[in-house]
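Below: one structure, written as structure tokens.
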Amino acid sequence: MNYRELILNESSSFSDSDSPFLDAVLLMAHSLGITKEKLFSMLSERVDSVPQSFFDMTERRRNGESIAHIRGFREFYGREFLVNSDVLSPRQDTEVLVEAVLESSKLFEPSAGINGSLDVVREISILDLCTGCGAVAISLAAEMPNHKVTASDISSAALDLAKKNAQRLLPAQSLIFIESDLFSEIDGKFEIIAANPPYVPHYQAEQLIAKGWKDPLISLDGGIDGMEYIRKIIMEGYEYLSHNGVLLLEMDPHQASESLALFGEMGYIDLKTWKDLTGSIRVVGGRHG
Numbered sequence: 167m168n169y170r171e172l173i174l175n176e177s178s179s180f181s182d183s184d185s186p187f188l189d190a191v192l193l194m195a196h197s198l199g200i201t202k203e204k205l206f207s208m209l210s211e212r213v214d215s216v217p218q219s220f221f222d223m224t225e226r227r228r229n230g231e232s233i234a235h236i237r238g239f240r241e242f243y244g245r246e247f248l249v250n251s252d253v254l255s256p257r258q259d260t261e262v263l264v265e266a267v268l269e270s271s272k273l274f275e276p277s278a279g280i281n282g283s284l285d286v287v288r289e290i291s292i293l294d295l296c297t298g299c300g301a302v303a304i305s306l307a308a309e310m311p312n313h314k315v316t317a318s319d320i321s322s323a324a325l326d327l328a329k330k331n332a333q334r335l336l337p338a339q340s341l342i343f344i345e346s347d348l349f350s351e352i353d354g355k356f357e358i359i360a361a362n363p364p365y366v367p368h369y370q371a372e373q374l375i376a377k378g379w380k381d382p383l384i385s386l387d388g389g390i391d392g393m394e395y396i397r398k399i400i401m402e403g404y405e406y407l408s409h410n411g412v413l414l415l416e417m418d419p420h421q422a423s424e425s426l427a428l429f430g431e432m433g434y435i436d437l438k439t440w441k442d443l444t445g446s447i448r449v450v451g452g453r454h455g
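For the sequence shown, the numbering used here begins at 167 and goes up steadily by one.
Right under this line is the structure:
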């Protein structure tokens, strides 16, 4: 039996996966201590022995545990973030939020003066609410090292993990971490506020946990219709933005229409949306007028 045949055999029972073969490849590579690229080059080779850890991990996957939680890390925006049962494992869709922040930050870049000279570059302040493992905040700090990034979360356990990720990935940079229920412990104003809040309707979140999802319920449960925290952030966020500051929220595509309407009602201007790889609206934003 070669590696391809073994992986196909083990992945055939990953019934809840959209990419069962890739899942098994990642687990095999992890058990062998090699990259998935190296394993792909070995697929036709004969298997002499396989670590028992591979079969232990595939059994956990069959029971509904995510690849990220099994391996203990998740790739996000080109970096590997530690994850555990205290945090939501970052999804690829959330990379759209990072892109939206990077694009919006250009609003605060120096512009050419009358005599052609450039204004002095000023530091902008960015707040990442509901930071979880810190994937968004750390990615932003890495991409924009000259700006001030603050990460907050209601969970002290999540913040502990976010700090570990920051120490691993950005040892020379200083991020600010605040334990806060949304804006309750936040002071000052920010040029950009970004958030990936819980936005799964309560009954769906409970169903996911019952199916074996290891993400904490608090990171998924967005209230009866999934909009509880989205509404709060839109309604409360305006006063924490500097003039021309931008609020950006990740959400389910079906929540975009109501969110855009609320942005408008609360006085935000220049409303904008960003789409994910499927062409669905994933991030909605508005600017302080």
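A virtual CB, placed ideally from N, CA and C, is assigned to each residue, including glycine.
Would you give the residue range spanned by the alpha helix (DSSP H) that F220 belongs to?
Against the sequence shown, residue 220 aligns to sequence position 54. Taken as a continuous stretch (DSSP letters only), the alpha helix (DSSP H) holding F220 covers Q218 to R228.
Just list the alpha helix (DSSP H) runs in the region 346-419, keeping only unbroken ones of 4 residues or longer that don't cross its boundaries, in chain order.
Whole alpha helix (DSSP H) segments, 4+ residues: 368-376, 383-386 and 394-403.
Hey, would you say D182 sits closer than 8 Å to G230, going by beta carbons?
For the purposes of this step, residue 182 is taken as residue 16 along the sequence shown, with counting starting at 1. For the purposes of this step, residue 230 is taken as residue 64 along the sequence shown, with counting starting at 1. The answer is yes: Cβ separation under 8 Å.
Can you check which of these residues, P186, E211 and S219, is closest to H196 by C-alpha distance?
The sequence position of residue 196 within the sequence shown is 30, counting from 1. For the residues P186, E211 and S219, the minimum Cα distance to H196 belongs to S219.
Based on the DSSP secondary-structure assignment, which residues constitute the bridge partners of N168?
Numbered from its first residue, the sequence shown carries residue 168 at position 2. Answer is R212, bridged to N168.
Taking CB distances under 8 Å as the criterion, tell me whether L335 reaches chain C.
Chain labels in this structure do not include chain C; a single protein chain is all it has.
For F274, count neighbouring C-beta atoms within 10 Å of its own C-beta (all shown protein chains included) and say buried if the count is 16 or more, exposed if not.
Walking along the sequence shown from the start, residue 274 turns up at place 108. Buried, by the Cβ-count rule.
Drop a sphere of 10 angstroms on the beta-carbon of Y369, count the other beta-carbons inside from all chains shown, and report buried for 16 or more, exposed for fewer.
Start at 1 with the first residue of the sequence shown, and residue 369 comes out as number 203. Exposed.
Under the assumption that G451 contacts L414 (Cβ atoms under 8 Å), give the Cβ distance between them as a whole number of angstroms.
On the sequence shown, position 285 is the one that residue 451 refers to. On the sequence shown, position 248 is the one that residue 414 refers to. At roughly 4 Å, the Cβ-Cβ gap stays under 8 Å, so G451 and L414 are in contact.
Near F206, which residues of its chain fall below 8 Å by C-beta distance, leaving aside the five closest residues on each side in sequence?
Position 40 of the sequence shown, counting from 1, holds the residue named residue 206. Result list for F206: V191, in chain order.
Let me know if R288 comes out buried or exposed under the rule of 16 or more other beta-carbons within 10 Å of its beta-carbon.
By one-based count along the sequence shown, residue 288 stands at place 122. That one is exposed.
Between which two residues does the beta strand (DSSP E) containing A317 stretch?
For the purposes of this step, residue 317 is identified with residue 151 of the sequence shown, where counting begins at 1. Start and end: K314 to D319.
On the CB-based measure, 16 or more other CB atoms within 10 Å of its CB, does N123 come out buried or exposed?
An answer regarding residue 123 cannot be provided, because it is not within the stretch 167 to 455 covered by the chain.
Would you report the Cα separation of E241 and L325, rounded to the nearest angstrom?
Taking the first residue of the sequence shown as position 1, residue 241 is located at position 75. Taking the first residue of the sequence shown as position 1, residue 325 is located at position 159. Straight-line Cα distance between these residues: approximately 19 Å.
Could you check which residue in K380, I400, L386 and S346 has the C-alpha nearest to that of P364?
For the purposes of this step, residue 364 is identified with residue 198 of the sequence shown, where counting begins at 1. With distances taken between Cα atoms, P364 lies closest to L386.
Could you check how far apart the C-beta atoms of N362 and E431 are, in whole angstroms? I think they sit under 8 Å.
What you label residue 362 is simply residue 196 of the sequence shown in a count that begins at 1. What you label residue 431 is simply residue 265 of the sequence shown in a count that begins at 1. Not really, about 22 Å apart at Cβ, beyond 8 Å.
Ordered along the chain, which non-local residues of its own chain (more than five positions away) have a Cβ less than 6 Å from that of P217?
The residue you call residue 217 lines up with position 51 of the sequence shown. Once the five neighbours on either side are set aside, the close Cβ partners of P217 are S197.
Smallest Cα separation from H420: which of L407, V449, V249 and A266?
As a working mapping, residue 420 is identified with position 254 in the sequence shown. Nearest C-alpha to H420: V449.
Name the DSSP beta bridge partners of S291, please?
Working through the sequence shown from its first residue, we reach residue 291 at position 125. DSSP lists K314 as partners of S291.
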